[in-house]
Amino acid sequence: MSSTENSQNTSRAWWKESSVYQIYPASFKDSNNDGIGDIPGIISKLDYIKSLGVDIVWLSPILQSPQVDMGYDVSDYKKIHESYGTLDDVDDLIAGLHSRGMKYVMDLVVNHTSDQHEWFRESRASTQNKFRDWYIWRKPRYDEEGRQLPPNNWSSYFGGSAWEYDKQTNEYYLHLFATEQPDLNWENQEVRNAVHSIVRFWLDKGVDGFRLDVINFISKVGGLPDAPVTEPGKQWQHGATHYACGPRLHEYLRDLGAIFKEYDAFSVGEMPFVFQPAEILKSVGFDRQELSMVFQFEIVDIDHGREGRFTPGKWKMADLKSIVNKWQTFMIENNGWNALVLESHDQGRAISRFASDKPKWREIASKMVATFMGFQSGTVFIYQGQELAQANVPESWTIDMFRDIETLNHWKGLGESNPSNVRQRQVAMSQYKIKSRDNARTPIQWDGSRHAGFTTNDRPWIDVHEDYRTWNVASQVTRPDSAYNYWAAMLRLRKELPNIFVYGDFKLVSPENEDIFAYLRTYDEFQSALVVANFREDIVDWRVPAEAARYFTGQSAAIGNYEKPPTLSDATGAIQLRPFEAFVLVNRPDRQQSAEI
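Residue numbering for the sequence shown follows the working numbering, starting at 1242 and increasing by one per position.
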């Protein structure tokens, strides 16, 4: 099938032409001065979000929770966590978004609950309780010397075993995350019915869709066998082969998908540890009727070391190109769909990880990242502050300033396993400042006033970045050449040319080049574009291939992060790209028009 046939046969949908803005409620805007962001604070900033040009607003968890993992431990699915507001506040939020032509997506966590949820309180009360089978309980194992062991060797993502012993009933329960986050047993039809009821409850209240947390973990392999030993010498092993995309996953997703279809609802599933597009396609193929799209993690994990997130790893342009090309071409050719994500509440800031947050380059680098990501095939996700080029936490941060359970448990584990290894702890601290989830969780910097206008409380729940006095919303929204206005221009250009940037085909240009990421988006012979991004903090010479050279003839950039794009040399067929330079050249009947930047 030709590229034109690929692009023109791609099924169209409203959510493919939309963009999403993710809000981390605790860090967005505090309205009652308790140091924690809340729903009324979000409502007060809806005009700001609308002016950016996004179509959907996704809030990280706001449901009732003990907050062991910042709301990803839900204790009641039909109540709002008191620090964030009330059900009436959610009604006002939905009304405010809808009146501005935007939609609301809720974060739904149904692989596990809080151990304070009434279901789990009942489940752990007795082996005979009717809720016992709503969670995954198993009897202990014993070694040859009679020592008690958990049911298998799976590790928890937050450290230690994935099993917690309960003395009252002499059994263990499974928790892939914190001990306070027991996994639900999706094999139980009553559990699935309860989840379906929750989904309908919120859709009937006006919610327009869901982000489904680690949704590919809900089906576990029967028998819960030991994980293969991939980290010799460690007691607990990574068990994802036995629960990432388990045997009944698509049955469960089809049931959810039928409800989503009934409401024309948006859905995006978080799917870690899935690296093959063919596997993802089973969930996002347009005719599968399961999910609209999923988050896969190959790009955001590209700088992880061999032993995980908090060990050093260097990424290479060749690897980035290989990952992007794989997902772009496969989804286009097979009528699937991508979620375009570089930042979230779980990732460090993109400019700090993939470009530069040095004052000299920070804004230029942010615009380069917007160009690289924003014109690919898929739905664009912007995480709060990304549009402002907010950066990772400062070098001055010490361990007592972090709040993330994953980071703190990792630090605690280092102290317990090898307290005398100072070098190991130094390396870990350097990695926290790159990849800890708290890098994205510092508050939005609204202005140059105390605590960046986030709160008037003496102590916000997490420290505001120290650069807020000069790097904030107020300093950017009225300045035409700001990072904020560039991200807005990128979204406008996508909307202006959906055939090219939403439904067009994708092809890498100069795939062997280690400095420049360039690609073509092609809908037909009259509608196409060249996207170029220099990832280096240096001037780079690029010999432009013939397939790209034609875009430099007689036209200006539709968007770019320098005043003018480079000129193609007739003598050498090359251009010189300035540090972090990025631009888009468009072939269209009205190609002399351009988006204001």
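Built from N, CA and C at the ideal position, the CB exists for glycine as well. Bear in mind the structure is a predicted one, so any value in this text is a computation, not a measurement.
Buried versus exposed call for Trp1255 [16 or more other C-beta atoms within 10 Å across all chains shown]: Taking every protein chain shown into account, the CB of Trp1255 has fewer than 16 other CB atoms within 10 angstroms, so this residue is exposed.
Alpha-carbon to alpha-carbon, Glu1778 and Asp1756: In this structure, the CA atom of Asp1756 is about 10 Å from the CA atom of Glu1778.
Anticipated Cβ contact below 8 Å, Leu1415 with Ile1377, distance rounded: About 4 Å separates the Cβ atoms of Leu1415 and Ile1377, confirming a contact at the 8 Å cut-off.
Extent of the continuous alpha helix (DSSP H) to which Ser1524 belongs: Unbroken alpha helix (DSSP H) run through Ser1524: Pro1518 to Val1525.
Pairwise C-alpha distance: Leu1453 and Leu1494: If you take the alpha carbons of Leu1494 and Leu1453, they lie about 11 Å apart.
Own chain, CB closer than 8 Å to Ala1720, minus 5 neighbours either side, in chain order: The question names Ala, but residue 1720 in the sequence shown is Arg. Leaving aside the five residues that flank Arg1720 on each side, the residues in its chain whose CB is nearer than 8 Å to its CB run, in chain order, Asn1726.
Selected residue, minimal CA-CA separation from Lys1736, among Thr1251, Glu1258 and Arg1253: It is Glu1258 whose Cα lies nearest to the Cα of Lys1736.
Continuous alpha helix (DSSP H) assignments of at least 4 residues falling wholly in the stretch 1567 to 1644: You should have 1591 to 1595 and 1603 to 1615.
Among Leu1809, Ser1252 and Gln1478, nearest to Ser1397 - alpha-carbon criterion: Ranking the options by Cα distance to Ser1397, first place goes to Gln1478.
Runs of beta strand (DSSP E) wholly within the stretch 1420 to 1466 (minimum 3 residues, chain order): Complete beta strand (DSSP E) runs here, min 3: 1450 to 1453.
Every unbroken beta strand (DSSP E) inside the stretch 1279 to 1332 [3 residues or more]: Look at the stretch 1279 to 1332 and you find these whole runs of beta strand (DSSP E), each 3 residues long or longer: 1297 to 1300 and 1317 to 1321.
Buried versus exposed call for Val1462 [16 or more other C-beta atoms within 10 Å across all chains shown]: It is exposed - the Cβ of Val1462 has fewer than 16 other Cβ atoms within 10 Å.
Other residues of its chain near Arg1433: CB distance less than 8 Å, five sequence neighbours each side excluded: Excluding positions up to five away in sequence, the list reads Trp1427, Tyr1493 and Asp1496.
Sequence-distant residues of its chain with Cβ nearer than 6 Å to Val1436 (five each side left out): In chain order, Val1351 place their CB closer than 6 Å to the CB of Val1436, counting only its own chain and leaving out the 5 sequence neighbours on each side.
Close beta carbons around Tyr1406, own chain, < 6 Å, minus the five adjacent residues each side: Within the same chain, Tyr1406 has close Cβ partners Tyr1413.
CA-to-CA distance, Ile1543 to Arg1603, given in whole angstroms: Distance between the alpha carbons of Arg1603 and Ile1543: 21 Å.
DSSP-derived helix/strand/coil call for Phe1742: Three-state result, Phe1742: helix.
N-terminal and C-terminal residue of the beta strand (DSSP E) that Ser1508 is part of: Going by DSSP, Ser1508 is part of the beta strand (DSSP E) stretching over Phe1507 to Glu1511.
Which of helix, strand or coil DSSP assigns to Val1668: Val1668 falls in the helix class under three-state DSSP.
Buried versus exposed, by CB contacts within 10 Å (16 or more), Val1525: Val1525 comes out buried.
Ser1607, buried or exposed, once every other Cβ within 10 Å from all chains shown has been counted against 16: Under this definition Ser1607 is a buried residue.
Extent of the continuous beta strand (DSSP E) to which Ala1481 belongs: Annotation for Ala1481: no beta strand (DSSP E) segment contains it, and DSSP assigns it neither H nor E.
Glu1492 in three-state terms, based on DSSP: In the three-state DSSP reduction, Glu1492 falls in the helix class (H, G or I).
8 Å CB neighbourhood of Ala1485 in its chain, flanking five on each side removed: In chain order, Asn1457, Phe1458, Met1512, Pro1513, Phe1514 and Val1515 place their CB closer than 8 Å to the CB of Ala1485, counting only its own chain and leaving out the 5 sequence neighbours on each side.
contact_flag[the stretch 1821 to 1829, the stretch 1756 to 1773] where n(CB pairs < 8 Å) is 3 or more: In short, these stretches touch, since the Cβ pair count reaches three.
From Arg1678, Asn1659 and Glu1636, residue whose alpha carbon lies closest to that of Gly1589: That would be Arg1678, whose Cα lies nearest to the Cα of Gly1589.
Under the three-state DSSP convention, the category Tyr1792 falls into: Helix.
7 Å Cβ shell around Tyr1673 - same chain, five flanking residues per side excluded: Excluding five sequence positions before and after Tyr1673, the CB atoms of its chain that fall closer than 7 Å to its own CB belong to Phe1551, Phe1643 and Thr1648, given in chain order.
Separation of Ala1580 from Pro1660, as counted between CA atoms: Roughly 41 Å between the two C-alpha positions.
Cβ-Cβ distance between Val1346 and Phe1507 below 7 Å: Yes. Within cutoff.
Buried/exposed call for Ile1640, threshold 16 Cβ in 10 Å: Per the 10 Å Cβ criterion, exposed.
Proximity winner among Ala1468, Ile1675 and Asp1765, relative to Asp1587 (alpha-carbon distances): Measuring from the Cα of Asp1587, the nearest candidate turns out to be Ile1675.
Residue interval of the beta strand (DSSP E) (run including Leu1826): Counting along the chain, the beta strand (DSSP E) containing Leu1826 begins and ends at Ala1823 to Asn1828.
Member of His1358, Pro1786 and Pro1302 whose CA lies at the smallest distance from the CA of Ile1816: The closest CA to that of Ile1816, considering only His1358, Pro1786 and Pro1302, is found on Pro1786.
Check whether Glu1707 and Pro1635 have beta carbons under 7 Å apart: Contact flag set, yes.
Buried or exposed by the 16-neighbour rule on C-beta atoms within 10 Å, applied to Glu1837: Its pLDDT being 41, under 50, Glu1837 is placed unreliably by the model, and nothing is read from it.
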